[in-house]
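First up is the structure itself, then whatever we jot down about it.
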Amino acid sequence: MREYFLRRLLQSLLVLFLVSLVTFALIHSAPGGPVRIYLTPGLSQEAAKVQAHNLGLDQPIPIQYVRWLGDLLQGNFGYTFKNHIPVAKILWPTVGNTLILMGVAWFLSLIIAIPWGIYNSTREYCLSDQTAAVISYLGFAMPTFWFGILLQELFSLKLNWLPLSDMYTMGQARNILNLLPHLVLPVTVLTLGFLAAYVKYSRSSMLEVLFQDYIRTARAKGMPERRVVFRHALRNALIPIITVLGLDLPILVGGAALTESVFNWPGMGRLFVEMAMAREYSVLMAITLLTAVIVILGNFLADILYAIVDPRVQLAGRGGRSV
Amino acid sequence: MKVPLLEIRDLSVGFQAEQGILKAVDRVSLKMEEGKTFCLVGESGSGKSVTSLSVMRLIDYDGGDILSGEIFFHGEDLVRKSQEEMIKLRGYKLAMIFQEPMSALNPVFTVGDQIAEAVMLHQNKGKKEACQDAIEMLRLVGIPAPEVRARQYPHELSGGMCQRVVIAMALVCKPEVLIADEPTTALDVTVQAQILDLLRQLKAELNMAILLITHDMGVAAEVADQITVMYAGVMVEEGTVEQVFSHPYHPYTLGLLKSIPGYESKRGMDLYAIPGNIPSLAQLPQGCRFHPRCVLAQEKCRLEEPVPHDLGSGHMVKCWLSESAEMSESTAEKR
Numbered sequence: 000m001r002e003y004f005l006r007r008l009l010q011s012l013l014v015l016f017l018v019s020l021v022t023f024a025l026i027h028s029a030p031g032g033p034v035r036i037y038l039t040p041g042l043s044q045e046a047a048k049v050q051a052h053n054l055g056l057d058q059p060i061p062i063q064y065v066r067w068l069g070d071l072l073q074g075n076f077g078y079t080f081k082n083h084i085p086v087a088k089i090l091w092p093t094v095g096n097t098l099i100l101m102g103v104a105w106f107l108s109l110i111i112a113i114p115w116g117i118y119n120s121t122r123e124y125c126l127s128d129q130t131a132a133v134i135s136y137l138g139f140a141m142p143t144f145w146f147g148i149l150l151q152e153l154f155s156l157k158l159n160w161l162p163l164s165d166m167y168t169m170g171q172a173r174n175i176l177n178l179l180p181h182l183v184l185p186v187t188v189l190t191l192g193f194l195a196a197y198v199k200y201s202r203s204s205m206l207e208v209l210f211q212d213y214i215r216t217a218r219a220k221g222m223p224e225r226r227v228v229f230r231h232a233l234r235n236a237l238i239p240i241i242t243v244l245g246l247d248l249p250i251l252v253g254g255a256a257l258t259e260s261v262f263n264w265p266g267m268g269r270l271f272v273e274m275a276m277a278r279e280y281s282v283l284m285a286i287t288l289l290t291a292v293i294v295i296l297g298n299f300l301a302d303i304l305y306a307i308v309d310p311r312v313q314l315a316g317r318g319g320r321s322v
Numbered sequence: 000m001k002v003p004l005l006e007i008r009d010l011s012v013g014f015q016a017e018q019g020i021l022k023a024v025d026r027v028s029l030k031m032e033e034g035k036t037f038c039l040v041g042e043s044g045s046g047k048s049v050t051s052l053s054v055m056r057l058i059d060y061d062g063g064d065i066l067s068g069e070i071f072f073h074g075e076d077l078v079r080k081s082q083e084e085m086i087k088l089r090g091y092k093l094a095m096i097f098q099e100p101m102s103a104l105n106p107v108f109t110v111g112d113q114i115a116e117a118v119m120l121h122q123n124k125g126k127k128e129a130c131q132d133a134i135e136m137l138r139l140v141g142i143p144a145p146e147v148r149a150r151q152y153p154h155e156l157s158g159g160m161c162q163r164v165v166i167a168m169a170l171v172c173k174p175e176v177l178i179a180d181e182p183t184t185a186l187d188v189t190v191q192a193q194i195l196d197l198l199r200q201l202k203a204e205l206n207m208a209i210l211l212i213t214h215d216m217g218v219a220a221e222v223a224d225q226i227t228v229m230y231a232g233v234m235v236e237e238g239t240v241e242q243v244f245s246h247p248y249h250p251y252t253l254g255l256l257k258s259i260p261g262y263e264s265k266r267g268m269d270l271y272a273i274p275g276n277i278p279s280l281a282q283l284p285q286g287c288r289f290h291p292r293c294v295l296a297q298e299k300c301r302l303e304e305p306v307p308h309d310l311g312s313g314h315m316v317k318c319w320l321s322e323s324a325e326m327s328e329s330t331a332e333k334r
């Protein structure tokens, strides 16, 4: 287990390093190069040289890379072109906001979808299963922004039950009581999206396991059906579900650009859309880099969870054992 | 007469399909006594496994329905029992082992845990005691260093080892009846012999009855006391191992015997195979189910289903040819 953990950790670090190289290369291959982007148009050649020197852009590329990496590790993502605000100052609050929104939606969809999928797998095509199927179709087929607008129309404009958008009502204390009503609509939209996938995954994963020979062995031992499902089947069914969850982890931070835009949620997804419009490369790069880090982290976590759930995984790297 | 330990009477099992109910097992009867091995023999699709799963009432989970008949165990009809009642019997008084030892074990639990679990389900024992029982059982089925093996996962064991583990799991509560569904089919020939020996030895030690399902007449000859030959869901011949092997009557039994390599065949000769395939349950032939593949089939065989015929001392055959003495002699000649 320890060996496996270390191996995966080293692999992740290597990938992180490669990601940083690629990101750095991307910045340098941006149209006109970093100097042009960074400098105000109409600046004289001399002034530009001075500026480039001040910014360290006249240094050899490897040195620039090391400095850039050093800054990154200290949480310095650079500055925006407009107003020269530190990127970190814009970025981190949006990460927190996105985490709140996505975390609630994700958690909610998980605690509904996994038990529901398990239940449906034991009673294929029952009413509950059919309902889940319909909800899945809706969740997959309906564009989230459209569903969001529908909810706003009904619950905010017509019924006036819930706030239309934003995270907090302006001019009021920013506490949980203020936050909760604002969460309801976007969380509903996002939960439906997650739920659509997870309820299907958990159902099909369980169904596959329930037809395995070892499930019949468990029943032949005289095991009550509940124990067969929750002890012998679930643990095996969780293995593919963990993969999906690990792959979905970046969404938690990356946010849902469309939903956040519709509900004017000050999260990272919306920030990305806004900054893309404003061509703020430094912010976009920071978001890209952060997302890449979370992708790697998600995969790493999924692999570690794998090894905990499935004893066969640890041997994979050693080529397995036959006897 | 003594009450048999397990008695199946006119058991019919069906599966719901588009065409209606398909009968996978049609009026099968058999009696098992303690300390004896009973073999169900037939090709794939002849209904052997369905019969055995019905005894365990595991067929319910595979979408099968017991349509009629009774299964008496200690005089109690298992068909009428609820799954809750069956849970108390399964793995305790009635145990079963399966064809594919590798996939019959749960990959995410250690083999020791899986055996101990069977103990804890049926006997009022703590985890520690159950684990001790599991290790003892692993030793009994001939696994070296059982303390070490108990902590290993199925993928760390070979196929033969896994089958020993499966046997240990089935026998840890000392069942009265063990159902073994093709226990050696997935194993190497040398391992096959070891497992059969093991079953024979454990049967004597625990004085249990074994219902062995196999398609291999060689295996049946090796371990059986009683043999029932099944074809397309019906019994075609039954008798003691001597009766069936020394005086096989049904053309299908003969075909199975001839298919054993080395039995009446010489090196270089083609192995004998019964022509044709077992019919699908949706398109069972009229009359005798075996007639399309039977070299001796006559007009009557095509029209009417044969009735069981007693050849004396429990040797039953379901074949029209056995009805009249001349015919049986003529079949004997043709053999």
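Residue numbers (numbering that gives the first Met the number 0), protein chains in the order written: chain A, 0 to 322; chain B, 0 to 334.
Even for Gly, the Cβ is constructed at its ideal location relative to N, Cα and C.
Within the same chain, show all residues whose beta-carbon is closer than 7 Å to that of Met-205(A), passing over the 5 residues directly before and after it, in chain order. Gly-116, Ile-117, Ser-120, Ala-232, Ala-236
Boundaries of the alpha helix (DSSP H) in which Met-119(B) is found, first to last residue: 110-121
Considering Ser-51(B), what are the terminal residues of the alpha helix (DSSP H) in which it resides? 47-55
Neighbourhood of Ser-11(A) by C-beta distance below 8 Å, restricted to the same chain and skipping five residues each side: Residues of the same chain with a CB within less than 8 Å of the CB of Ser-11(A), apart from the 5 flanking positions on each side, are Ile-295, Leu-296, Asn-298, Phe-299 in chain order.
Quick one: Cα of Gly-44(B) to Cα of Ala-231(B), how far? Rounded to the nearest angstrom, the two C-alpha atoms are 7 Å apart.
If you follow the beta strand (DSSP E) that Gly-337(B) is in, where does it begin and where does it stop? The structure shown has nothing for residue 337(B), since chain B only spans 0 to 334.
Can you confirm whether the region 187-195 of chain A touches the region 143-161 of chain A when touching is taken to mean that 3 or more C-beta pairs between the two stretches lie within less than 8 Å? Yes: at least three Cβ pairs fall under 8 Å.
Could you please give the first and the last residue of the uninterrupted alpha helix (DSSP H) stretch that includes Met-276(A)? 267-277
For the region 261-274 of chain A, list every residue whose C-beta sits within 9 Å of some C-beta in chain B, in sequence order. none
Please classify Leu-184(A) as buried or exposed, where buried requires at least 16 neighbouring CB atoms within 10 angstroms. buried
DSSP on Glu-332(B), reduced to helix/strand/coil? Low confidence applies here, because Glu-332(B) scores a pLDDT of 47, under 50, leaving its location unreliable and the question unanswered by this model.
Chain B contact residues for Met-222(A), given Cβ-Cβ distances below 9 Å: Ile-86, Arg-89, Gly-90, Glu-116, Ala-117, Leu-120
Bridge partners of Gly-74(A), per DSSP? Gly-74(A) pairs with nothing; no bridge assigned.
Just to confirm the assignment, what range does the alpha helix (DSSP H) spanning Asp-196(B) have? Looking at the DSSP string, the run of the alpha helix (DSSP H) that includes Asp-196(B) is 188-205.
Given a cut-off of 9 Å on the beta-carbon distance, is the pair Gln-250(A) and Met-101(A) in contact? The question names Gln, but residue 250(A) in the sequence shown is Ile. Taking 9 Å as the Cβ cut-off, Ile-250(A) and Met-101(A) qualify as a contacting pair.
Three-state class that DSSP yields for His-154(B) in the structure shown: helix
Using the beta-carbon of each residue, which ones in chain A are nearer than 7 Å to Val-107(B)? Arg-234, Asn-235, Val-308, Asp-309, Pro-310
Using the Cα positions of Asp-128(A) and Leu-137(A), report the straight-line distance between them to the nearest angstrom. So the two alpha carbons sit approximately 14 Å from each other.
Contacts around Met-216(B), its chain only, beta-carbon distance under 7 Å, and the 5 residues preceding and following it disregarded: If we look at Met-216(B) and ignore the five residues flanking it on each side, its Cβ neighbours are Val-40, Leu-255, Leu-256, Ile-259.
Could you pull the DSSP bridge partners for Gln-225(B) from this structure? Phe-37(B), Thr-239(B)
Bridge partner(s) assigned by DSSP for Lys-30(B): Beta-bridge pairing links Lys-30(B) to Glu-6(B).
If we cut at 9 Å on Cβ distances, does Arg-317(A) have a partner in chain B? Caution is warranted here: a pLDDT of 47 is assigned to Arg-317(A), below 50, making its placement in the model unreliable, and no coordinate value can be reported.
Report all residues from its chain with a CB closer than 7 Å to the CB of Gly-90(B); omit the five preceding and five following residues, and keep chain order. Ala-117, Leu-120, His-121, Cys-172
So what does DSSP say about Glu-45(A), is it helix, strand or coil? helix
Which bits of chain A does Met-31(B) rub up against, with CB to CB less than 9 Å? Residues of chain A passing the Cβ test: none, with the nearest at roughly 18 Å.
According to DSSP, is Ser-164(A) helix, strand or coil? coil
Three-state secondary structure (DSSP) at Met-95(B)? In this structure, Met-95(B) counts as strand in the three-state DSSP scheme.
Tyr-213(A) versus chain B: which residues are under 8 Å apart at the beta carbon? Result: Ser-102, Ala-103, Leu-104, Asn-105, Pro-106.
For the alpha helix (DSSP H) that Ile-240(A) lies in, which residues bound it at each end? 233-253
Using a Cβ-Cβ cut-off of 9 Å, state whether Ala-94(B) counts as contacting chain A. yes
Are the CB atoms of Gln-225(B) and Leu-29(B) nearer to each other than 9 Å? yes
In chain B, which residues lie with their C-beta within 8 Å of the C-beta of Arg-66(A)? Chain B residues near Arg-66(A): none, gap ~48 Å exceeds 8 Å.
Can you pull the DSSP bridge partners for Arg-89(B)? Leu-93(B)
Just by C-beta distance, which residues in the region 166-181 of chain B are closer than 8 Å to chain A? Only Met-168, Ala-169 from the region 166-181 of chain B bring a Cβ to less than 8 Å from some Cβ of chain A.
Residue environment, Pro-162(A), which counts as buried when at least 16 other CB atoms sit within 10 Å: buried
Should Ala-46(A) go down as buried or exposed, given a rule of 16 or more other Cβ atoms within 10 Å for buried? exposed
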